[in-house]
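Enquirer: Residue numbering for the sequence shown follows this note's numbering, beginning at 1 and increasing consecutively.
Beta carbons are placed, not taken as given, at the ideal position from N, Cα and C, and that holds for glycine.
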Amino acid sequence: MSNIKVNLENTKISMEEILKYKEEVEQIDKILRKDPNSENNFLGWMELPSNYDKEEFERIKLAAERVRKNSEVFICIGIGGSYLGARAVIEALTNTFYNYSKRETPQILYAGNNISASYITDMIELIGDRDFSINVISKSGTTTEPALAFRIFREILENKYGIKGARERILVTTDKAKGALKQLSDEEGYETFVVPDNIGGRYSVLTAVGLLPIAVAGIDIEKLMQGAKYAQDKYTDSNLKYNECYQYAVVRNLLNRTNKDIEILVNYEPKMHYFTEWWKQLFGESEGKDGKGIFPAGVDFTTDLHSMGQYIQDGRRNLFETVINIENANSDFTIKEEADNLDGLNYLAGKTMDFVNKKAMEGTIQAHVDGRVPNILINMERLDEKTLGHLIYFFELACAMSGNILGVNPFNQPGVEEYKKNMFKLLGKPGYEN
Ligand code: PA5
Numbered sequence: 001m002s003n004i005k006v007n008l009e010n011t012k013i014s015m016e017e018i019l020k021y022k023e024e025v026e027q028i029d030k031i032l033r034k035d036p037n038s039e040n041n042f043l044g045w046m047e048l049p050s051n052y053d054k055e056e057f058e059r060i061k062l063a064a065e066r067v068r069k070n071s072e073v074f075i076c077i078g079i080g081g082s083y084l085g086a087r088a089v090i091e092a093l094t095n096t097f098y099n100y101s102k103r104e105t106p107q108i109l110y111a112g113n114n115i116s117a118s119y120i121t122d123m124i125e126l127i128g129d130r131d132f133s134i135n136v137i138s139k140s141g142t143t144t145e146p147a148l149a150f151r152i153f154r155e156i157l158e159n160k161y162g163i164k165g166a167r168e169r170i171l172v173t174t175d176k177a178k179g180a181l182k183q184l185s186d187e188e189g190y191e192t193f194v195v196p197d198n199i200g201g202r203y204s205v206l207t208a209v210g211l212l213p214i215a216v217a218g219i220d221i222e223k224l225m226q227g228a229k230y231a232q233d234k235y236t237d238s239n240l241k242y243n244e245c246y247q248y249a250v251v252r253n254l255l256n257r258t259n260k261d262i263e264i265l266v267n268y269e270p271k272m273h274y275f276t277e278w279w280k281q282l283f284g285e286s287e288g289k290d291g292k293g294i295f296p297a298g299v300d301f302t303t304d305l306h307s308m309g310q311y312i313q314d315g316r317r318n319l320f321e322t323v324i325n326i327e328n329a330n331s332d333f334t335i336k337e338e339a340d341n342l343d344g345l346n347y348l349a350g351k352t353m354d355f356v357n358k359k360a361m362e363g364t365i366q367a368h369v370d371g372r373v374p375n376i377l378i379n380m381e382r383l384d385e386k387t388l389g390h391l392i393y394f395f396e397l398a399c400a401m402s403g404n405i406l407g408v409n410p411f412n413q414p415g416v417e418e419y420k421k422n423m424f425k426l427l428g429k430p431g432y433e434n
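Listed below in structure tokens is the structure:
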């Protein structure tokens with residue numbers, strides 16, 4: 001269906017050691033499952049794959065279809081949890097060169113995730129006079145970066161299509177009742193989609209936050225949800241012995257307790273680059289608090305073997321790796337024999353490119369394990385909607401479990417406010433003078 005298997009062999013941690021956490025894991029599992037649909041906690045994502053708003057889901061598909069018909073460009077405006085999930089899925093499941101390739105779906109651009117003047121100027125130039133639509137995504141409705149980008153692109157849309165025409169091209173994903181963005185949408189008559197109260201930004205990819213941009217890219221969001229549902233069912237067993245998701249959570253904590261405080265997520269598929277960015281936010285914001293946390297890093301191999309490889313092999317021994325292995329490549333080709341063999345590559349003739357990639361992976365894992373970098377291997381059967389939905393849910397649940405084992409609240413992010421306070425004071429925002 002959408003198989004994912006976790007191999008812990010190269011962590012050198014025995015099942016006996018892992019199972020010492022059996023009772024603690026069962027207790028945490030009970031807390032997580034006590035009342036996932038309550039408005040008062042941040043556990044709404046737990047049952048989301050089987051308990052999502054079906055009416056809104058249909059509206060998402062219709063809105064995506066409209067954008068695909070009337071727009072050559074689609075701008076996804078959001079930051080952090082309000083855009084990383086969408087970008088992760090879109091880049092993983094579309095053509096590597098999606099934005100440059102011949103397609104029937106709009107070019108997809110991301111704005112509101114920085115405050116660079118040249119980024120926005122270049123984007124406006126790139127769009128030119130092409131038809132475009134925007135989806136502004138902000139749970140709070142007040143985040144500076146997306147609010148600024150929205151102000152800019154809303155004005156461009158209104159000048160280009162008029163107030164009424166712009167209304168057709170502005171889609172808003174925000175809180176169901178509160179916040180500046182919700183208020184503005186109600187006043188202007190924009191179509192809105194909801195970020196549920198009990199789902200935090202970094203756990204929201206399977207809500208309208210992620211699903212609308214993903215659907216615009218032509219990805220089958222039903223299958224994505226089916227994969228997540230499969231994972232939801234698969235990891236309900238609170239018995240650590242049978243729950244690989246919880247085993248992963250325990251093992252990273254066990255490694256952390258032996259001074260391994262950096263986890264590097266490794267992929268051998270460039271399409272997974274933004275999945276790593278999503279994963280970094282998920283774990284970084286969930287666990288990095290109260291002076292605790294495993295620092296989440298990421299590398300794209302074999303690219304980064306030629307930049308970060310040296311450090312991983314030989315630098316400080318405070319690292320462990322989690323490698324995502326896509327077992328069956330979506331496409332492949334066979335290396336041909338050449339008569340003169342000037343490049344010396346004939347020894348690979350008849351082999352496929354993916355075979356070479358897998359051998360690079362196997363060789364690297366062995367080298368890093370020999371270099372005292374423990375390795376967790378996550379084998380995903382293939383890179384498709386269902387398996388990626390499964391993987392998303394796997395990491396969300398693992399993160400909730402892991403954060404609790406670590407002794408932190410994995411659903412808040414108090415530290416993020418600090419830079420904002422200083423920035424607002426420097427900018428003279430009313431209310432931040434002192
Ligand atoms: O995970 C989170 O909660 C954050 O990364 C938010 O998604 C991010 O700060 C954007 O917030 P908002 O959606 O309110 O604009």
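Using the C-alpha atoms, what's the distance from His273 back to Asp314?
Expert: About 24 Å.
Enquirer: Just verifying my parser: in three-state terms, what is the DSSP assignment at Gln413?
Expert: Correct three-state label for Gln413: coil.
Enquirer: Note the first and the last residue of the continuous beta strand (DSSP E) segment covering Phe193.
Expert: It spans 191 to 194 - the beta strand (DSSP E) in which Phe193 sits, taken as one unbroken run.
Enquirer: Would you kindly check if the distance between the Cβ of Ile294 and the Cβ of Ile90 is under 7 Å?
Expert: No, they are not a contact pair.
Enquirer: Does the beta carbon of Ile79 fall short of 6 Å from some heavy atom of the ligand PA5?
Expert: Yes, since a heavy atom of the ligand PA5 falls inside the 6 Å radius drawn around the Cβ of Ile79.
Enquirer: Looking only at its chain, what residues have a beta carbon closer than 7 Å to the beta carbon of Asp261, apart from the 5 residues adjacent to it on each side?
Expert: Counting only Cβ-Cβ distances below 7 Å, and skipping sequence neighbours, we find Ile294, Phe295, Asn318.
Enquirer: Ser185: buried (16+ other C-beta within 10 angstroms of its C-beta) or exposed?
Expert: Ser185 is buried by the Cβ-count criterion.
Enquirer: Quick one: does the C-beta of Ser185 sit closer than 6 Å to a heavy atom of the ligand PA5?
Expert: No; taking the cut-off as 6 Å, the Cβ of Ser185 has no heavy atom of the ligand PA5 nearer than that.
Enquirer: Looking at Glu450: is its Cβ nearer than 7 Å to the Cβ of Asp220?
Expert: There is no way to answer for residue 450, as the model of the chain reaches only from 1 to 434.
Enquirer: Do the stretch 222 to 235 and the stretch 392 to 402 meet, that is, are 3 or more Cβ pairs less than 8 Å apart?
Expert: Yes, the stretch 222 to 235 touches the stretch 392 to 402.
Enquirer: If you draw a straight line from the alpha carbon of Ser118 to that of Thr144, how long is it in whole angstroms?
Expert: Each residue's Cα considered, the two are about 17 Å apart.
Enquirer: Taking only the alpha-carbon atoms, compute the straight-line gap between Tyr347 and Ala297 and give it to the nearest angstrom.
Expert: Whole-angstrom Cα-Cα distance: 35 Å.
Enquirer: Excluding the five sequence neighbours on either side, which residues of its own chain have a C-beta within less than 6 Å of the C-beta of Thr94, listed in chain order?
Expert: Correct list, in chain order: Ala217.
Enquirer: What does the alpha-carbon distance come out to for the pair Leu181 and Tyr242?
Expert: Spanning the two alpha carbons is a distance of roughly 44 Å.
Enquirer: Who are the near neighbours of Phe320 in its chain, counting only those whose CB is closer than 8 Å to its CB and skipping five residues on each side?
Expert: For Phe320, where only same-chain residues beyond five positions count, the Cβ hits under 8 Å are Thr11, Arg252, Leu255, Lys260, Ile262, Glu263, Ile264, Val373, Pro374, Asn375, Ile376.
Enquirer: Have a look at the DSSP bridge pairing and note the partners of Thr352.
Expert: Answer by DSSP bridge pairing, in chain order: Thr334.
Enquirer: In angstroms, rounded to a whole number, what distance separates the CA positions of Glu9 and Met361?
Expert: So the two alpha carbons sit approximately 16 Å from each other.
Enquirer: Report whether the distance from the Cβ of Gly284 to the nearest heavy atom of the ligand PA5 is below 6 Å.
Expert: False, no ligand heavy atom lies under 6 Å from that Cβ.
Enquirer: Taking 6 Å as the cut-off, does the CB of Gly200 come closer than this to any heavy atom belonging to the ligand HEM?
Expert: With respect to the ligand HEM, the structure shown offers nothing to examine, as its ligands consist of the ligand PA5.
Enquirer: Does at least one heavy atom of the ligand PA5 sit under 6 Å from the Cβ of Lys260?
Expert: Not under cutoff, so the answer is no.
Enquirer: Do you know how far the Cα of Ser116 is from the Cα of Leu391?
Expert: Roughly 32 Å between the two C-alpha positions.
Enquirer: Taking 6 Å as the cut-off, does the CB of Thr144 come closer than this to any heavy atom belonging to the ligand PA5?
Expert: Thr144: no, Cβ never under 6 Å from the ligand PA5.
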